[in-house]
Amino acid sequence: MATHLINSVQRHTSMRMAAPDTSNSWRTQAIDAFIHGKHDNLAALRVDLAARVAALTGQPIAPEAIAVTRASKIARVVVDGVRFQLQNGELSILRTCVECGLTTHASPPISSRADLGYALAGWQPRGNCCTPDEDEDWALW
Numbered sequence: 085m086a087t088h089l090i091n092s093v094q095r096h097t098s099m100r101m102a103a104p105d106t107s108n109s110w111r112t113q114a115i116d117a118f119i120h121g122k123h124d125n126l127a128a129l130r131v132d133l134a135a136r137v138a139a140l141t142g143q144p145i146a147p148e149a150i151a152v153t154r155a156s157k158i159a160r161v162v163v164d165g166v167r168f169q170l171q172n173g174e175l176s177i178l179r180t181c182v183e184c185g186l187t188t189h190a191s192p193p194i195s196s197r198a199d200l201g202y203a204l205a206g207w208q209p210r211g212n213c214c215t216p217d218e219d220e221d222w223a224l225w
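Using the working numbering, read the sequence shown as starting at 85 and increasing by one per residue.
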């Protein structure tokens with residue numbers, strides 16, 4: 085009976101003993117994974133934008149030349165005066181409103197040279213407050 089009591093006390097005591105303090109190591113590992121993951125994601129955005137723009141323009145793009153915003157995960161680069169943007173996996177170009185010249189707008193998604201040609205020559209970006217007046221359209225007829 086005494087042996088049984090001693091064994092019970094030992095088991096109870098060993099269960100109550102705290103495990104070695106590893107809180108710093110697992111926290112550090114989690115934070116490191118987060119930081120490296122963010123860095124890897126930003127680097128991947130740069131590489132992705134560089135590859136897409138190079139494929140469409142034939143211009144080599146150094147990933148270091150690409151600006152990335154951490155919060156919104158948007159990558160941007162300027163090539164020969166054209167502002168390219170990669171956001172949520174969609175490539176577009178940025179142009180100012182053709183009416184007021186004040187607001188900036190993203191083109192429809194670009195996935196081919198024809199799409200790029202449209203964004204450069206056919207697409208006319210306009211802000212909500214700058215839609216053409218119907219009377220002006222009739223005057224052209």
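From the three backbone atoms N, C-alpha and C, an ideal C-beta is built for every residue, glycine too.
Proximity to residue i [Cα-Cα], best of the options
i    : options                   : result
I177 : E183, V166, C184 and A205 : V166
N172 : I119, I115 and R130       : R130
A159 : G142, G211 and R136       : R136
I194 : A203, T188 and T187       : A203
L126 : W207, I150, A190 and A138 : I150
V152 : A138, Q143, F168 and D116 : F168
K157 : E148, R210, A128 and A205 : A128
I119 : P209, T188, S196 and R154 : R154
A200 : R179, A114, A117 and R210 : Looking at the sequence shown, residue 200 is not Ala but Leu. The option with the nearest alpha carbon to L200 is R179.
H189 : G211, A117 and E174       : G211
Residues of its chain near residue i, where Cβ-Cβ distance is below 7 Å and the 5 sequence neighbours each way are ignored
i    : result
C214 : C181, E183 and C184
T141 : V163
Integer Cβ distance of residue i from residue j, believed to fall under 8 Å
i    : j    : result
L133 : V161 : 6 Å
W207 : S191 : 5 Å
A138 : P144 : 6 Å
Per-residue DSSP class, three states only, for residue i
i    : result
L200 : helix
A190 : strand
Q208 : coil
I176 : The displayed chain sequence assigns Ser, not Ile, to residue 176. It is a strand residue.
R167 : strand
A146 : coil
A223 : Low per-residue confidence applies at A223: pLDDT is 47, beneath 50, and the placement is therefore not dependable, though the value from the model is reported in the following sentence. Here A223 sits in helix by DSSP.
V137 : helix
C214 : helix
DSSP bridge partner residues for residue i (one or two, in chain order)
i    : result
R153 : One point to set straight first is that residue 153 is Thr, not Arg, in the sequence displayed. Paired residues: I158.
Residues near residue i by beta carbon distance below 6 Å, same chain, minus five either side
i    : result
L175 : R136 and I194
T187 : C181 and G211
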